[in-house]
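Numbering (this note's numbering), first residue to last: -10 to 260.
As structure tokens, this is what we get:
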């Protein structure tokens, strides 16, 4: 609401003809831009946010480029769409395999909610509401574009292999329309390795007694981590006619470490 109030005040100053409309109108503009992303001048007039009166669209057209530019700049600043260091996309944040992914979902939840249910947490985190909390696929009602890739759904899997001395395995990530080769092309800031029919990146390991992650050039998803150690990596594989881009944390995964990477699991345990 603070952002909407700031926008409304500037709208009233730049164009007195807008002064008769309340903060809800400013909020509708903000919501429209959060959904439409980088659309600028033409989308400001054509945005389909709730409560946008037709005469306001006409007024914005008549005011011309300078007012459009001022309003657009402010909206982009308030929605985080313009920044010297651009906000991470869902794909970029997923590739980190840490809590930044759940912060990115929180930041873009207004855009995501029309196609998939999202639960907002208490620490600037949000996550997808999957039918099963541990295993399952949430198919989006329509594809979501991000980083020039087509997201079809969200995937979760948890496996407990402690009885076999192999630890626990937690997987989370996206189901994509594009092939693994196209995904790697779009995420070309990452370095990929291949093992059989899968690709790996961002492989890290935490050895017993150590506090920091370090690079793990020997990581292979099908081989259990050394006893007492924890591995984390980004996995890319073909799944039928689709592609899975998943994070994994596996091995000896105590709750206090798991929750730093998967804050959704910690939040779901809140009373």
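A virtual CB, placed ideally from N, CA and C, is assigned to each residue, including glycine. All values derive from a computational prediction rather than experimental measurement.
May I ask which residues mark the beginning and end of the beta strand (DSSP E) holding residue 112?
-> Residue mapping note: residue 112 aligns to position 123 of the chain shown, counting from 1. That residue, residue 112, is in no beta strand (DSSP E); it is neither H nor E in DSSP.
Measure the alpha-carbon distance for residue 114 versus residue 166 and round it to whole angstroms.
-> Here residue 114 corresponds to residue number 125 of the chain shown, with the count starting at 1. Here residue 166 corresponds to residue number 177 of the chain shown, with the count starting at 1. About 26 Å.
Beta bridge counterpart(s) of residue 138 as assigned by DSSP = Numbered from 1 along the chain shown, position 149 holds the residue referred to as residue 138. For residue 138, the pairing in a beta bridge is given by DSSP as 135.
Determine the burial state of residue 87: buried for a count of at least 16 other Cβ atoms within 10 Å of its Cβ, exposed for fewer.
-> Counting from 1 along the chain shown, the entry for residue 87 is found at position 98. Around the beta-carbon of residue 87, 16 or more other beta-carbon atoms lie within 10 Å, marking it buried.
Beta-carbon separation (whole angstroms), residue 187 vs residue 225, contact threshold 8 Å | One-based indexing of the chain shown puts residue 187 at position 198. One-based indexing of the chain shown puts residue 225 at position 236. Residue 187 to residue 225, Cβ: 7 Å. Contact.
Can you check whether the CB of residue 216 is closer than 9 Å to the CB of residue 195?
-> Position 206 of the chain shown, counted from the first residue, corresponds to residue 195. Position 227 of the chain shown, counted from the first residue, corresponds to residue 216. In this structure, residue 195 keeps its C-beta atom at 9 Å or more from the C-beta atom of residue 216.
Select from 127, 91, 102 the residue whose C-alpha is nearest the C-alpha of residue 112.
-> On the chain shown, position 123 is the one that residue 112 refers to. That would be 91, whose Cα lies nearest to the Cα of residue 112.
Same chain only: Cβ atoms within 7 Å of residue 135, ignoring 5 sequence neighbours per side | Numbered from its first residue, the chain shown carries residue 135 at position 146. The residues are 78, 79, 80.
Excluding five sequence neighbours on each side, which residues of the same chain lie with their C-beta closer than 6 Å to the C-beta of residue 159?
-> Along the chain shown, read from residue 1 onward, the residue named residue 159 stands at position 170. For residue 159, same chain residues with a beta-carbon under 6 Å away, outside a window of 5 residues either side, are 147, 238 in chain order.
Could you please give the first and the last residue of the uninterrupted alpha helix (DSSP H) stretch that includes residue 92?
-> Position 103 of the chain shown, counted from the start, is the residue given in the question as residue 92. It spans 89 to 96 - the alpha helix (DSSP H) in which residue 92 sits, taken as one unbroken run.
Rounded Cβ spacing between residue 248 and residue 223 (contact assumed at less than 8 Å) = Looking up residue 248 in the chain shown gives position 259. Looking up residue 223 in the chain shown gives position 234. Distance from residue 248 to residue 223 at the Cβ level is roughly 19 Å; contact not present, criterion being Cβ atoms closer than 8 Å.
Quick one: using the 10 Å Cβ neighbour count with 16 as the cut-off for buried, is residue 130 buried or exposed?
-> Counting from 1 along the chain shown, the entry for residue 130 is found at position 141. Exposed: under 16 other Cβ atoms inside 10 Å.
Which same chain residues, not among the five before or five after residue 227, have their C-beta less than 7 Å away from its C-beta?
-> Translated into the one-based positions of the chain shown, residue 227 becomes position 238. Excluding its 5 nearest sequence neighbours in each direction, residue 227 has C-beta neighbours in its own chain below 7 Å: 169, 186, listed in chain order.
State yes or no: is the C-beta of residue 255 nearer than 8 Å to some heavy atom of the ligand NAD?
-> For the structure depicted, the ligand NAD is absent and the ligand set is empty, with no information on it obtainable.
Please work out which residues of its chain come closer than 8 Å, Cβ to Cβ, to residue 335, disregarding the five sequence neighbours upstream and downstream, and give them in chain order.
-> Because the chain is modelled from -10 through 260, residue 335 falls outside the range shown and cannot be assessed.
Inter-residue Cα distance where the pair is residue 199 and residue 103 = Within the chain shown, residue 199 is the residue found at index 210, counting from 1. Within the chain shown, residue 103 is the residue found at index 114, counting from 1. Taken atom to atom, the span from the alpha-carbon of residue 199 to that of residue 103 is near 42 Å.
Classify residue 192 as helix, strand or coil using the three-state DSSP reduction.
-> Working through the chain shown from its first residue, we reach residue 192 at position 203. In the three-state reduction of the DSSP assignment, residue 192 falls in the strand class, which pools E and B.
Which residue from 205, 116, 229, 231 puts its Cα closest to that of residue 219?
-> Translated into the one-based positions of the chain shown, residue 219 becomes position 230. Looking at 205, 116, 229, 231, the one whose alpha-carbon comes closest to that of residue 219 is 205.
Who are residue 161's beta bridge partners in DSSP?
-> Working through the chain shown from its first residue, we reach residue 161 at position 172. DSSP, once it has assigned bridges, lists 145, 236 as partnering residue 161.
Distance between residue 149 and residue 119 (C-alpha atoms, nearest Å) = Numbered from its first residue, the chain shown carries residue 119 at position 130. Numbered from its first residue, the chain shown carries residue 149 at position 160. Taking the straight line from one Cα to the other gives about 19 Å.
Would you check if the distance between the CB atom of residue 105 and the CB atom of residue 133 is smaller than 9 Å?
-> In the chain shown, the residue the question calls residue 105 occupies position 116. In the chain shown, the residue the question calls residue 133 occupies position 144. Contact check for residue 105 against residue 133 passes: the beta carbons are separated by less than 9 Å.
For residue 175 versus residue 137, is the C-beta spacing smaller than 9 Å?
-> As a first step, residue 175 is located in the chain shown; it is residue number 186 there, counting from the start. As a first step, residue 137 is located in the chain shown; it is residue number 148 there, counting from the start. Their beta carbons are under 9 Å apart, which means residue 175 touches residue 137 by this criterion.
Kindly list the residues whose CB is nearer than 6 Å to the CB of residue 252, restricted to its own chain and excluding five residues on each side of it in sequence; keep chain order.
-> Counted from its first residue, the chain shown places residue 252 at position 263. Residues 88, 91, 114 of the same chain have their beta carbon placed closer than 6 Å to that of residue 252, with the five preceding and five following residues left out of the count.
If you check the beta carbons only, do residue 142 and residue 236 fall under 9 Å apart?
-> If you number the chain shown from 1, residue 142 lands on position 153. If you number the chain shown from 1, residue 236 lands on position 247. Residue 236 sits away from residue 142, with the two beta carbons spaced by 9 Å or more.
Can residue 246 and residue 172 be called in contact, C-beta distance under 9 Å?
-> Here the question's residue 246 lines up with position 257 in the chain shown. Here the question's residue 172 lines up with position 183 in the chain shown. No, the pair does not count as a contact, with Cβ atoms beyond the cut-off.
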